[in-house]
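For reference, the structure discussed in these notes is given below.
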Amino acid sequence: MQYKNEPLMMEKIIAALTYITFGFAGFIWLLIGIFTKNNIRPYLKYHIFQSIFLSIAYFLLGAFLGLIMNILSVIPLVNQLVLQLTFYLNAPIIFGFSLIQTLVYAVILYLVVTSFQGQYSYLPWISEIIKANVRNG
5 MQYKNEPLMM EKIIAALTYI TFGFAGFIWL LIGIFTKNNI RPYLKYHIFQ SIFLSIAYFL
65 LGAFLGLIMN ILSVIPLVNQ LVLQLTFYLN APIIFGFSLI QTLVYAVILY LVVTSFQGQY
125 SYLPWISEII KANVRNG
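In our numbering, the protein residues as written are 5 to 141.
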């Protein structure tokens, strides 16, 4: 029996898929909702917008850090430190994944598991922004 506030199994699956596909599945679901004029429930809307926000933030952070690393690699003496830092952060450590990849996959796994359990997953600062901007309508 489904309770009124408990998400449907289809919503849980779409919420989990939207994290795995870096927001693409959720974006498609939003487009389908717009074209069919169906209202998307707050649970699914929360997870879709959070996954899209995380994907955009991850891309922008990666581009920004890449730009900073390129600028710092031109400076003498600092370039050796930048190269060492880049090497250690990108070297395969755990199951052939780098430290950065392991952290990203751990966060995605947490988000997928909590969304599939029907919970509102929480990431500090990000979840608060999403909750403040997602309407219950």
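Virtual Cβ for every residue (Gly too), placed ideally from N, Cα, C.
None of the values given here were measured: they were computed from a predicted structure.
{"query": "Strand pairing of isoleucine 98, partner residues [DSSP]", "result": "Phe101"}
{"query": "Buried/exposed call for isoleucine 79, threshold 16 Cβ in 10 Å", "result": "exposed"}
{"query": "Distance, asparagine 94 Cα to glycine 100 Cα", "result": "10 Å"}
{"query": "Glutamine 121 burial status per 10 Å Cβ neighbour count (16 or more: buried)", "result": "exposed"}
{"query": "C-alpha distance - isoleucine 18 paired with isoleucine 52, whole-angstrom precision", "result": "8 Å"}
{"query": "Identity of the residue in Tyr126, Ile97, Met73 and Pro96 nearest leucine 87 by Cα", "result": "Met73"}
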